[in-house]
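Notes to accompany the following structure.
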Amino acid sequence: MRGAVMYAPGDVRVEDRPDPQILKPTDAIIRLPATCICGSDLWPYRGFDPVEEPSPMGHEYVGIVEEVGAEVTTIKPGQFVIGSFFATDNTCEICRSGYQSSCINRVGIGSEGAQAELMRVPLADGTLVATPDVPADDLIPDFLALSDVLGTGWFGAVAAEAGPGKTVAVVGDGAVGLLGVLAAKQLGAEQIIAMSRHQPRQQLAREFGATDIVTERGNDGVAKIKELTNGLGAHSVIEAVGTQESMMQAIRSTREGGHVGYVGVAHDVQLPGEEMFFSHVHLHGGPAPVRRFLPELIDLIWNRQINPGKVFDLELPLNQAPEGYQAMDERSAIKVLLRP
Ligand SMILES: [Zn+2]
Ligand SMILES: [Zn+2]
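Quick note on my numbering: the sequence shown kicks off at 237 and runs consecutively.
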């Protein structure tokens, strides 16, 4: 099969890789009608995370089940399924409390390489959720977005306690931030402030439900949020970048007693203890337990109530994955969908 492999920062190649095999009786093999590049793939691409050896890329996936291991009972060949970037048993205490991405038996999906024609999914029964039937082609980007960026934006909104009557601010205008806007809207937020300086992203944020756009960053951005919230700051802030600047922008944009949901993968973020102590801000975040939200979000997509696939603004054949990485690195594309 064909699959994308990163050799070094800036060096992604699509090459022949061995077809995945059932390695454990709890595995499934799926065939991907579409796959995609994640903002977090840009960390190694830009040299911020080390690339020690040629690494298969991709951790966002949907597909038709081709084969299951002997111990798989609920997932069946022919089903269309969605899973997340950690395979999970969905039965341990941590999973049952809704934190499947910290499952005691979790397996990272990244090393399987979802930017490929086929993929092995460990712990298939606990990881995968099937749609009611094989979906129409036009729904595939929506379900693919659910595998990570919608699930992650949704967790950001839930962690920030977005809800009716709340003002929600979103730091970050990548796919996760934009879908945090969509999540805040679905959860009933009254005012949704998207922080973005890119016109096409501002427009998509508005389509997803943003009521205000703030183009300033850092402390100027914080001042703007306060201006829009009677000097108090937002009730709920979704942090979807992962840098020191974005994290402090999120914390300082939140009112006393408010909540930050942080879902940008933190890179060298240091929190100032004294400022945190006096801020009275709640912080909750981490790798999103996307599995918790799959049944509910599959339903919203299946019934065409949300359209998260709009974040894909560039579609390429899998063989052109290198161009896709480049487009996301240059921010000329929000998110790239790849067709194997
Ligand atoms: Zn991702
Ligand atoms: Zn578990």
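Think of the CB as a built atom: it goes at the ideal place given N, C-alpha and C, for glycine as much as any other residue.
These numbers were taken from a predicted model, which means no experiment stands behind them.
Going by DSSP, D252 is part of the beta strand (DSSP E) stretching over 247–252. Going by beta carbons, L468 and R491 fall inside the 7 Å limit.
Taken through DSSP and simplified to helix, strand or coil, Q541 comes out as coil.
In the pairwise beta carbon analysis, the segment 301–309 is classified as not touching the segment 273–285: fewer than three pairs are separated by under 8 Å.
A distance criterion of 6 Å places the beta-carbon of S291 beyond contact range of ligand 1, judged by its closest non-hydrogen atom.
H495 counts as buried, since at least 16 other C-beta atoms from the protein chains shown sit within 10 angstroms of its C-beta. The DSSP-derived three-state label of V241 is strand.
T324 has its Cβ nearer than 6 Å to a heavy atom of ligand 2. G560 is positioned such that its CB atom lies closer than 7 Å to that of V572. In terms of Cβ geometry, T271 and G294 form a close pair [threshold 7 Å]. Comparing alpha-carbon positions, the option among G545, R575, E566 lying closest to A557 turns out to be R575.
Where F321 is concerned, there is no enclosing beta strand (DSSP E), because DSSP gives it neither an H nor an E.
Judged by DSSP in its simplified three-state form, D409 adopts coil rather than helix or strand. Nearest C-alpha to K462 among A360, V404, F391, D361: V404. Here K402 is buried: its Cβ has 16 or more other Cβ atoms, across all protein chains shown, within 10 Å.
Under the DSSP definition of a beta bridge, F548 partners with K571.
Cα atoms of D565 and D378: separation of roughly 22 Å, rounded to the nearest angstrom. Around V526, the same chain offers S320, G387 as residues with beta carbons nearer than 6 Å, after the five sequence neighbours per side are excluded.
Counting every other CB atom within 10 Å of its CB across the protein chains shown gives I340 a total below 16, marking it as exposed. M512: member of the alpha helix (DSSP H) spanning 509–515, first to last residue.
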